[in-house]
Each structure stands twice: as structure tokens, then as C-alpha cells.
Amino acid sequence: MLIVCLKRLFAKPQKFKIPIISVGNLTLGGSGKTPLVRALFKEFNPRLKTCIILRGYGRKSRGLLEVALGGRILCDVRQSGDEAMEYALSLRGANVIVSEDRAAGILRAQTLGFELVILDDGFSKFNISKFDILLRPQSAPKLPFCLPFAVYRYPPFFYKFADFIPSPSDILQELKIISAADLQEGLNGADEILNPADEISNSAADEISDLNLNRAADEISNLNPATADKILNSKEAGFERSRTILISAIAKPWRLQEFLPLAKAHAFFPDHYDFKKEQILELLRREDAEHILCTAKDYVKLRDLGAEISVILLNLKLSENFIRKIQNYINQAMIK
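Residue numbering for the sequence shown follows the numbering used here, beginning at 1154 and increasing consecutively.
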């Protein structure tokens, strides 16, 4: 923790010619960074040519890579990583760059003529001058300690370094389930429900077993029966529960428990897992199923299977206060 504190305190932020918005958090696990990045892109890209830059967790490539420019996808998901490809596939006119060196990515964005950069998970880049948005988890960690003793990546007092911490009233959410066909046709305005930041080894899911394939019916008794109805029942979503499996490779998959009643079985894999076609097809055969329910992050790796897929999405609406905070920063940054 001492090293992190010293790194922050003695950092000399580099200023760039274009405004930079960073979306981050202080803890492991999902706190909604991906849907917020996408909402910001949709809000500002129509008036400022905007580029999303992220590391590209789990990708097989290295260095700087242009994933999408003007909505044209320039690589496959193995090269980009699942999160970057999710942006590329589901944002109209998407501009996405992956780079371990975020400063190099920003310089490339400047060269390409972009007027605004959004950094996904960029809080730790203390060497970059930016507008830091920090998201708090829905449930505060029980222990205020950093790894490996608790889930904080950075000390809790680092919240004071944020330029803006959205309150629940600043982000309105609406759950939605759509078919993959609608998503492919460019349905705009939808966001993934979850986006964890931590990486987990794939070794735990190299073989299919009954440990990661569970009958959803076994779990339903522990849920509020009305929960799924508040989201959307499977009939309204256009698929039948009796032929559907919920498949996901996200951190903390228990957060999808509200969707268990919509599928006959569920299979959870480690975060960023590289799905193997044979595994998924075997799961479908074993359960006599033809339909997959998944998150948008999973969809980018499942879409080439040839199976019917429905995607769990989340619509976000930012408050006027939130948008005004960002716009004020952009205006000031452009003057400088």
C-alpha cells in the first residue's frame, strides 16, 4: 500500500491536447465501469469524436491495437479481449483502442483526430492528467484493507482524489433482454449488466463438470419468485425456459441469480474465460437445449457458435448533473 501511495503522491501527470475522462473504482470486481463508459460514449460521441481506450484484459495480442474505428471492427476477440470487443460490437460508430501503455494509446487517438478519450479502468494511471470518475460498489466492503487482506485495490481514502463520484440518482438503470439478432442489427442504447475488473485463471474450467453446470430449478427456491418477473419473463423475451441455458464467464457470477428462473440450467466459468466451442455445444446437448442466455461480455465470445442467443443488457440514463460535470471539464480542458 505504501508503494501505491507514494506513486500517487509523487506522480507528475502528463497533459494531452484533448480532454480525457477516466472511469474507475477502488475495489476488485464489477462496479459498473463498462456500462458507464458506454453511456458516456453515446452521450458525447455525437458532438465530439470520442475514442475508448483500455488495456484489453485476456487478449492474446500485446502492445497497441486498434480494435474499431468508426464502427468498423479491425480484429477478432482473441486479439482485442472480450471487453474491448463488447464496445466494438454494441456501440454505433465505435472507436476502440487497446494498449497496456495508456499514454501511447492517447497519443495514437490524438494522431487519428479524436477530440475526447474515455479511459476504461484508468484511475491508476496517475501519470496522466484526466477527469477521474470513481464508482463505489453497491455494497461497501466489510474490511477497509487492501489486497491481499481485503478487496480494495487502493486505500479507501483515495476516494478523495476523485473529480466526481456519482450518486445513485446520477445513474438511472433499466434491465433489458434482447435477441442477438437485434444486437447485431445495431440496436443502440444498451449496456452490459456487469463488468468485473479482476482476472481469474482459466484452468478451473478446462473441463466440463457438474461443478459448473447446475440446474437452475435447484436455486429458484431461494429466490423471490417475483424477481424475474420484474426483469422480463422468458416468454416475453422470446425464448422458452425449457430449452435455455444461462452461460457466463464473469467475476462474481452469483450476481446473475435474478436471471436463473429464465433458464433450465446455468454454467459459470472463470472471468475472461475463452469459451471452447466443443464445451458449449456439449453443454447444450447434455441439457437438450438450443438457446443461450448470457451477458454482452459473454456474447462477443459465443456469437460464432451458431446457437440462438439472448443477451442481458442494461440501459443507463445519466443525470443532468452528471453530464454537466463532464461538460464543464471538457470546456475547461479545451480552453487550456
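Glycine included, each C-beta is placed from N, C-alpha and C at the ideal position.
The structure displayed is predicted, hence computed values, not measured ones.
Remark: C-beta atoms of L1242 and K1195 do not approach each other more closely than 8 angstroms. Counting along the chain, F1276 sits inside no beta strand (DSSP E), nor does DSSP assign it H or E at all. I1445 is positioned such that its CB atom lies closer than 8 angstroms to that of L1455. Considering only D1424, A1418 and V1453, the residue with the shortest C-alpha distance to E1443 is A1418. Annotation for F1284: I1174, D1316 and Y1482 place their beta carbon closer than 6 angstroms to its own, counting only its chain and skipping 5 residues before and after. Between the alpha carbons of I1205 and F1197 lies a distance of about 12 angstroms. Relative to the Cα of G1216, the nearest Cα in the group G1185, G1258 and I1331 belongs to G1258. Counting C-beta pairs with one atom in each stretch, the region 1250–1266 and the region 1186–1193 have fewer than three that are closer than 8 angstroms, which means they do not touch. Straight through space, the alpha carbons of D1427 and F1279 are spaced by roughly 31 angstroms. Just measuring C-alpha positions, the residue of L1222, G1211 and G1246 sitting nearest V1230 is G1211. Within the DSSP secondary-structure output, N1178 pairs in a beta bridge with L1288. Excluding its 5 nearest sequence neighbours in each direction, I1476 has C-beta neighbours in its own chain below 7 angstroms: E1196, listed in chain order.
For I1433, the uninterrupted alpha helix (DSSP H) segment begins and ends at K1430 to R1439. Assignment of F1412 by DSSP, reduced to helix, strand and coil, places it in the helix class. Distance between R1394 and F1412, taken at the CA atoms: about 11 angstroms. For A1221, the CB contacts under 7 angstroms within the same chain, skipping 5 residues up- and downstream, are L1227, A1241, A1247, N1248 and V1249 in chain order. Nearest to G1391 by alpha-carbon distance, out of K1295, N1468, L1218 and S1463, is S1463. In the assembly as shown, D1457 is an exposed residue. Its beta-carbon has fewer than 16 other beta-carbons within 10 Å. For M1238, the number of other beta carbons within 10 angstroms of its own is at least 16, and it is reported as buried. Our two residues, L1336 and G1209, have alpha carbons roughly 22 angstroms apart in a direct line.
Assignment of Y1240 by DSSP, reduced to helix, strand and coil, places it in the helix class. DSSP places N1468 in the uninterrupted beta strand (DSSP E) bounded by E1461 to L1471. Distances from the alpha-carbon of K1202 to those of T1264, S1233, G1177 and K1213 put T1264 closest.
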